[in-house]
Structures are given as C-alpha cells and as structure tokens.
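Undergrad:
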Amino acid sequence: MVGLHKDNSDIDIVVYGTRESFKVADVLKYLFEKGVLSSFSEEQYRNLYVFRKAYETMDFKTFITPVKYTIDCVKIIESKTKYPIKSKELVEVVSFRGRFCQQAFKGENVIVRGKVEAVLRNNEISHYRVVIGGSPKDYMVCEGLLK
Numbered sequence: 000m001v002g003l004h005k006d007n008s009d010i011d012i013v014v015y016g017t018r019e020s021f022k023v024a025d026v027l028k029y030l031f032e033k034g035v036l037s038s039f040s041e042e043q044y045r046n047l048y049v050f051r052k053a054y055e056t057m058d059f060k061t062f063i064t065p066v067k068y069t070i071d072c073v074k075i076i077e078s079k080t081k082y083p084i085k086s087k088e089l090v091e092v093v094s095f096r097g098r099f100c101q102q103a104f105k106g107e108n109v110i111v112r113g114k115v116e117a118v119l120r121n122n123e124i125s126h127y128r129v130v131i132g133g134s135p136k137d138y139m140v141c142e143g144l145l146k
C-alpha cells in the first residue's frame, strides 16, 4: 500500500475477465467455508442498516460492473421523488461501483437506497430504475439480515 490505509481499511479487489471473476468467487466461497474469511455478524448488520428503508427485490442479473439486478415484488417503503412512481414501474437496480456486485441473488429480498432514474426510449419513459453507488448514503442489504 502507499501509506493511505488505516487500521480499519478494507480491501477492494479488481478482477479482469469473466472467467477469472468466477474463479475468484469460487476461491472466496471456499475461504468463507473454511473459516479463513468471515462476514459481518447479524448484530453488526443490524447496527449498520437498521435505520434505513427502501424496497424489496427478487432477481440477480450479473456480478460484473456495471451490475444490474432485475427486480419484481417491489414495495416502496419511502420515496422522495418529485412525481409518484408505481412500484411495478421500478424494474431494475443498477450500479457502476464494484462494491455492489454479488450483493443479492435470485430469490432474495433486499432493501435498497439509491437514486431513482427514468429510463427513456424514443424520448418516452420506458421504466424506472434505482441507481446505487453515487452517494455514500446508498446501500443494498439482504432483508433476512435485518430480522
């Protein structure tokens, strides 16, 4: 490192190539199974995310950036949009930040906070999406960790 880290700094891993990304994912899974690596405890997740609200999702699309999660079963808990949005119009969560890769998998419910964007096709609104990663307040967390 170049001396910019602190005792509580994390490590961001950058992997080039789809095949190589799957290899890294397999190694990380193995390291978690063997206890070499560990994730946050339920209590740590609660302390980090219990005060945040957003909506639920169901479908995982990819784990390389830009990452896109196709969603359904959306429940909007809190919204500060200028115009009302129906939950069925929100169809995806996207991020251009690697930290949001592999945050959810098909069939999981997650709670998300981000910026709602209208997606235009031929100068008309096609659908809406939530973009995460543009603000330090953005997040995505598995709903099951909050119970």
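Here the sequence shown is numbered in numbering that gives the first Met the number 0, starting from 0 and rising by one per residue.
Cβ coordinates follow ideal geometry from the N, Cα and C atoms, glycine included.
Quick test of your reading: Ile110 and Val140, contact by CB under 8 Å. State the CB separation rounded to the nearest angstrom.
TA: Right, their Cβ atoms sit about 6 Å apart.
Undergrad: List the DSSP bridge partners of Ile70.
TA: Looking at the DSSP assignment, Ile70 forms no beta bridge with any residue, so it has no partner.
Undergrad: In whole angstroms, give me the CA-to-CA distance for Glu142 and Arg128.
TA: Each residue's Cα considered, the two are about 19 Å apart.
Undergrad: Pick from Asn108, Cys100 and Ser94: whose alpha carbon is nearest that of Glu116?
TA: It is Ser94 whose Cα lies nearest to the Cα of Glu116.
Undergrad: Tell me whether Tyr138 sits in a helix, a strand or coil according to DSSP, three-state version.
TA: Residue state, collapsed to three classes: strand.
Undergrad: Give me the Cβ distance between Val130 and Lys114, rounded to the nearest whole Å; I'm assuming they're in contact under 8 Å.
TA: Rounded, the Cβ-Cβ distance is 5 Å, consistent with contact.
Undergrad: With distances taken between CB atoms, is the gap from Ser14 to Ser20 smaller than 8 Å?
TA: The amino acid at residue 14 is misidentified as Ser; the sequence shows Val. The answer is yes: Cβ separation under 8 Å.
Undergrad: Ser125 lies in the beta strand (DSSP E); which residues open and close that run?
TA: That run of the beta strand (DSSP E) goes Glu123 to Ile131.
Undergrad: Looking at Gly132: is its Cβ nearer than 8 Å to the Cβ of Phe99?
TA: Contact flag set, yes.
Undergrad: Alpha carbon to alpha carbon, how far is Ser78 from Pro65?
TA: If I take the Cα positions, the gap works out to 24 Å.
Undergrad: Could you please give me the residues that DSSP links to Ile10 through a beta bridge?
TA: According to DSSP, Ile10 bridges with nothing at all.
Undergrad: Do you know offhand how far Lys22's Cα is from Gly16's?
TA: Their Cα atoms are separated by approximately 10 Å.
Undergrad: Cutting at 6 Å between CB atoms, please list the residues of its own chain near Gly97, excluding the five before and the five after it.
TA: Within the same chain, Gly97 has close Cβ partners Thr64.
Undergrad: What did DSSP end up calling Glu116 once you bin it into helix, strand or coil?
TA: Glu116: strand per DSSP, three-state reduction.
Undergrad: Please report the distance separating the alpha-carbon of Phe104 from that of Ile70.
TA: If you take the alpha carbons of Phe104 and Ile70, they lie about 11 Å apart.
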